[in-house]
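The listed protein sequences derive, respectively, from chains A and B. Residue 231 in our numbering sits at position 42 of the first sequence, with consecutive numbering throughout. Residue 143 in our numbering sits at position 149 of the second sequence, with consecutive numbering throughout.
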Amino acid sequence: MQRRTQMFVIAALSLGTVASMAASRASAEPVTVLYDDQVIEVERTLTDPNDLWVVPADLPRVNGFELKPEGACLEELCVPVLQDRDSDMFVTRAGQAWFNVTALARRLEQAYTADHDHRVWSFGEIPVTRTRFLRSAMAPDFALPNRDGEFVRLSDFRGKKVLLVTWASW
Amino acid sequence: MKDQNFEIIAVAEDTLGEAAAGEWYDAANPTYTALIDTTHRVSSLYNFVNVPSAAWIDEEGRVVRLNEGTYSQVISLGQASFGTDEYRPAVVDWVTNGADSPYVWSQEQVVGKIRRRTSDEALAEPNFKLGVYFYERDEALARTYWERAQALSPDSWNFHRQDWNLTEGLGGPQYRAKRGALGDKDYYAPLELGAAEPR
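What follows is the structure, encoded as structure tokens:
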């Protein structure tokens, strides 16, 4: 009996938050995700006070990642994710797969915070995606609206010199 | 300078978007690219902490110079003449001479000039964004998150000034108090446009 208890503890530790997941269940309660400068509404999440779980199909529009057989990938960046068993980053509930966006953020040392009362999750930058700027001085790309609401991308001006200037009315 | 393959991109760091920046752009009737940035995305990406700030980006997308607040005295949107009288000739020199301009920095110099963020400063960003999100829904809640961002990143003038502007008006007492606390210390990086400046 004692041996079984120990095994349970070890299993719970090795699976990270899976033990706490016992209480979590699929939810129709929508959440709002603030990512880069986007506001993304997500209809389906797992109820979990500590983490944001979404279905893999929603992942690309939430944080740009795509769940592939080799893992969660953003361009050349891939974080391995086992998908034949539950882990802190991936679980299957009633046949539905769920991906833990906040666990991925922790793995990547990406800052995030949440307003739990209003179910809003807000994410900062992923440090590893910043090395081209921080080490090689390559200009970070962005797309922002002009006054007509059309999005303009910095990289559209490749081949020209660009003076990029921030200002504000305040 | 347009025909010399040169473009100015002006980015308004304004949470209220067109409502705040629009009349300035109207008055300027700009020939440059005028963009609206409600979440201060560009400041976040380039680690800027105040406006106006600038990056010079070459044809290959490489940053060859970074300046924070270089043109603190003069910002004339109308003639696209960002900067002080000292700054403008430097830009013209770069547009004309490209990599041979003495104002172009080496990769090592640019990398050395990029502000590095602490983990607290990194956490300030998502808090600031929560404030932006809540501003039109619940102003008191927005302030809570902005104050949290300010506490995490006390050096970010963007976070302070955007907040104070929306809650107490332009150049209000809190702004003046923080500015005054600096004394003679400029909150922008020094100009560094001297002739002796190393390449």
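Don't be surprised by glycine CBs; every beta carbon is placed ideally from N, CA and C. From a predicted model like this one, the values you see are computed outputs, not experimental measurements.
Extent of the continuous beta strand (DSSP E) to which Y301 (chain A) belongs: Here residue 301 (chain A) corresponds to residue number 112 of the first sequence, with the count starting at 1. Where Y301 (chain A) is concerned, the enclosing beta strand (DSSP E) stretches over 301 to 304.
Contact list for R236 (chain A) against chain B, beta-carbon separation under 8 Å: Residue 236 (chain A) sits at position 47 when you count from the first residue of the first sequence. Correcting the residue identity first, residue 236 (chain A) is Thr in this sequence and not Arg. Under the 8 Å cutoff, chain B gives no residues; its nearest Cβ is about 21 Å from T236 (chain A).
CA-to-CA distance, R137 (chain B) to L125 (chain B), given in whole angstroms: Here residue 125 (chain B) corresponds to residue number 131 of the second sequence, with the count starting at 1. Here residue 137 (chain B) corresponds to residue number 143 of the second sequence, with the count starting at 1. According to the sequence displayed, residue 125 (chain B) carries Gly and not Leu. Using only the alpha carbons, I get a separation of about 6 Å.
CA-to-CA distance, L297 (chain A) to R59 (chain B), given in whole angstroms: Start at 1 with the first residue of the second sequence, and residue 59 (chain B) comes out as number 65. Start at 1 with the first residue of the first sequence, and residue 297 (chain A) comes out as number 108. Going by C-alpha positions, R59 (chain B) is about 29 Å away from L297 (chain A).
Buried or exposed (CB count within 10 angstroms, at least 16 for buried), P258 (chain A): Residue 258 (chain A) sits at position 69 when you count from the first residue of the first sequence. Within 10 angstroms of the beta-carbon of P258 (chain A) lie fewer than 16 other beta-carbons, which makes it exposed.
Any C-beta of chain A under 8 Å from that of P46 (chain B): Along the second sequence, read from residue 1 onward, the residue named residue 46 (chain B) stands at position 52. By this cut-off, P46 (chain B) is an interface position.
Cβ neighbour criterion (16 or more within 10 Å) applied to G313 (chain A): Translated into positions along the first sequence, residue 313 (chain A) becomes position 124. Counting Cβ neighbours within 10 Å, G313 (chain A) comes out buried, since at least 16 surround it.
Host alpha helix (DSSP H) of F122 (chain B) (start-end): Position 128 of the second sequence, counted from the start, is the residue given in the question as residue 122 (chain B). Taken as a continuous stretch (DSSP letters only), the alpha helix (DSSP H) holding F122 (chain B) covers 113 to 129.
Among A:R282, A:V228, A:F331, the one whose alpha carbon lies nearest that of P245 (chain A): The residue given as residue 245 (chain A) occupies position 56 in the first sequence. Checking every option, the nearest Cα to that of P245 (chain A) belongs to A:R282.
Short CB-CB distance (under 8 Å) between D226 (chain A) and chain B: Counting from 1 along the first sequence, the entry for residue 226 (chain A) is found at position 37. Judged by the 8 Å Cβ criterion, D226 (chain A) is in contact with chain B.
Of the listed residues B:R110, B:V98, B:R111, B:A118, nearest to T302 (chain A) (C-alpha basis): For the purposes of this step, residue 302 (chain A) is taken as the residue at position 113 of the first sequence. Distance from the Cα of T302 (chain A) is smallest, within the candidate group B:R110, B:V98, B:R111, B:A118, for B:A118.
Chain-ordered neighbours of A116 (chain B) on chain A, where CB pairs are closer than 8 Å: Stepping through the second sequence from its first residue, residue 116 (chain B) is reached at position 122. Within 8 Å Cβ-Cβ: A300, G313, E314, P316.
Classification of R35 (chain B) by the beta-carbon crowding that lies within 10 angstroms, buried from 16 upward: Here residue 35 (chain B) is taken as the residue at index 41 of the second sequence, counted from 1. By the beta-carbon neighbour count (other beta carbons within 10 angstroms, threshold 16), R35 (chain B) is buried.
DSSP bridge partner residues for F279 (chain A) (one or two, in chain order): Position 90 of the first sequence, counted from the first residue, corresponds to residue 279 (chain A). In the DSSP output, where bridge partners are listed per residue, F279 (chain A) has A:F288.
Neighbour-count burial assignment, K350 (chain A), 16 or more Cβ in a 10 Å radius: Stepping through the first sequence from its first residue, residue 350 (chain A) is reached at position 161. Classification of K350 (chain A): buried, given that the 10 Å Cβ count is 16 or more.
Rounded straight-line distance, which links the Cα of A261 (chain A) to that of M210 (chain A): By one-based count along the first sequence, residue 210 (chain A) stands at place 21. By one-based count along the first sequence, residue 261 (chain A) stands at place 72. Residue placement at M210 (chain A) cannot be trusted, given a pLDDT of 49 that sits under 50; what the coordinates show is reported in the next sentence. One C-alpha to the other measures close to 21 Å.
Classification of E339 (chain A) by the beta-carbon crowding that lies within 10 angstroms, buried from 16 upward: Start at 1 with the first residue of the first sequence, and residue 339 (chain A) comes out as number 150. E339 (chain A) comes out exposed.
Buried or exposed by the 16-neighbour rule on C-beta atoms within 10 Å, applied to Q144 (chain B): Counting from one through the second sequence, the residue named residue 144 (chain B) turns up at place 150. By the 10 Å Cβ count, Q144 (chain B) comes out buried.
Of the listed residues B:V43, B:I51, B:P83, nearest to I2 (chain B) (C-alpha basis): What you label residue 2 (chain B) is simply residue 8 of the second sequence in a count that begins at 1. I2 (chain B) has its Cα closest to that of B:I51, out of B:V43, B:I51, B:P83.
Paired residues, beta bridge with W310 (chain A) - DSSP: Taking the first sequence and counting its residues from 1, one reaches residue 310 (chain A) at position 121. Partner(s): A:V222, A:A303.
Contact list for Q101 (chain B) against chain A, beta-carbon separation under 8 Å: Start at 1 with the first residue of the second sequence, and residue 101 (chain B) comes out as number 107. Residues of chain A with a Cβ closer than 8 Å to the Cβ of Q101 (chain B) are, in chain order, S325, A326.
Nearest candidate by alpha-carbon position, reference I229 (chain A), set B:Y127, B:S147, B:L29: Along the first sequence, read from residue 1 onward, the residue named residue 229 (chain A) stands at position 40. Residue B:Y127 is the option with its Cα nearest to I229 (chain A).
Run of the beta strand (DSSP E) containing R274 (chain A), from where it starts to where it stops: One-based indexing of the first sequence puts residue 274 (chain A) at position 85. No beta strand (DSSP E) contains R274 (chain A), which DSSP labels as neither H nor E.
S95 (chain B) versus S37 (chain B) - alpha carbon distance: Along the second sequence, read from residue 1 onward, the residue named residue 95 (chain B) stands at position 101. Along the second sequence, read from residue 1 onward, the residue named residue 37 (chain B) stands at position 43. Rounded to the nearest angstrom, the gap between the Cα atoms of S95 (chain B) and S37 (chain B) is 26 Å.
D8 (chain B) vs T32 (chain B) beta-carbon contact at 8 Å: Position 14 of the second sequence, counted from the start, is the residue given in the question as residue 8 (chain B). Position 38 of the second sequence, counted from the start, is the residue given in the question as residue 32 (chain B). Yes, the Cβ-Cβ distance between D8 (chain B) and T32 (chain B) is below 8 Å.
Cutoff 8 Å: N335 (chain A) Cβ touching any chain B Cβ: Walking along the first sequence from the start, residue 335 (chain A) turns up at place 146. Yes, because at least one Cβ of chain B sits closer than 8 Å to the Cβ of N335 (chain A).
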